[in-house]
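Enquirer:
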Amino acid sequence: MTEEIVEDRAAKPSRAELLEEEGEIAADYLEELMDIADIDGDIDIDVADGRAQLSIVCEDQEESNLRTLVGRDGKTLSALQELCRLAVQTSTGQRSWLMLDIDGFRSSRRDELITKAQKALAQVRETGETYVFPPMNSFERKIIHDQVAQAGLVSESEGEGDGRHVVVRSAND
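Laid out in structure tokens, this is it:
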């Protein structure tokens, strides 16, 4: 009986292997799309924070047309991320939470949001008044929520759809 358990464990892929597979499926999907659109770039796959993470980069920044895939305010990037998640789900039958970054857009946006969050946190501490961020996507809201939690203040998302935003309050409210 213990041999069966050992064999069963050996047959099951680890969580890291499953995430690597997600990354490979998404990378294949993106490569086909980039070929069709005649967009140059290299796809890097990583597993971090419990999810597959893909980055599309181009070494020759002057020749790069990757910003086409980012779109205005990252909307095209968000749509591509969802398409990649659907490609993975279609292939594996499992929901994917992979993250996609193109030309460093998300990492730059993360840095920008952390700076904005720090300013908002200082304002809430100083005035005691609620601070309302403009509408953001879920990736952006999570960055703000994480900063607020680290600072010991309170935040919540309010609104619906494209109007969803983060509200920050002091812990005493």
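Its first residue numbered 323, the sequence shown is counted upward by one per residue in my numbering. Where is the CB? At the ideal position from N, CA and C, for every residue including glycine. Here the structure is a predicted model, which means the values were calculated and not measured.
Suppose only complete runs of 3+ residues qualify. What are the beta strand (DSSP E) ranges in the stretch 338-371, listed by chain order?
Expert: Under the rule that a run must span 3 or more residues, the beta strand (DSSP E) segments found entirely inside the stretch 338-371 read 364-370.
Enquirer: With distance defined between alpha-carbon atoms, name the residue in Ile367, Thr412, Ala359 nearest to Leu388.
Expert: Ala359
Enquirer: Could you pull the DSSP bridge partners for His487 from this structure?
Expert: DSSP lists Glu480 as the bridge partner or partners of His487.
Enquirer: Since I believe Gln469 is in contact with Ala439 (beta carbons under 8 Å), could you give me their beta-carbon distance rounded to a whole number of angstroms?
Expert: 4 Å
Enquirer: Ordered along the chain, which non-local residues of its own chain (more than five positions away) have a Cβ less than 7 Å from that of Leu422?
Expert: Leu376, Leu399, Leu402, Gln403, Cys406
Enquirer: When burial is assigned at 16 or more other CB atoms within 10 Å of the CB, is Ser477 buried or exposed?
Expert: Within 10 angstroms of the beta-carbon of Ser477 lie 16 or more other beta-carbons, which makes it buried.
Enquirer: Look at the alpha carbon of Gly393 and the alpha carbon of Tyr453, and state the distance between them as a whole number of angstroms.
Expert: 28 Å
Enquirer: Go through the stretch 408-448 residue by residue and report every complete run of the beta strand (DSSP E) that reaches 3 residues or more, in order.
Expert: 421-424
Enquirer: Whose CA, out of Glu451, Val490, Leu391, lies closest to the CA of Arg463?
Expert: Val490
Enquirer: On the CB-based measure, 16 or more other CB atoms within 10 Å of its CB, does Glu354 come out buried or exposed?
Expert: exposed
Enquirer: When you compare each of Leu391, Ala349, Asp382, Asp362 to Ala374 by their alpha carbons, which one comes out closest?
Expert: Ala349
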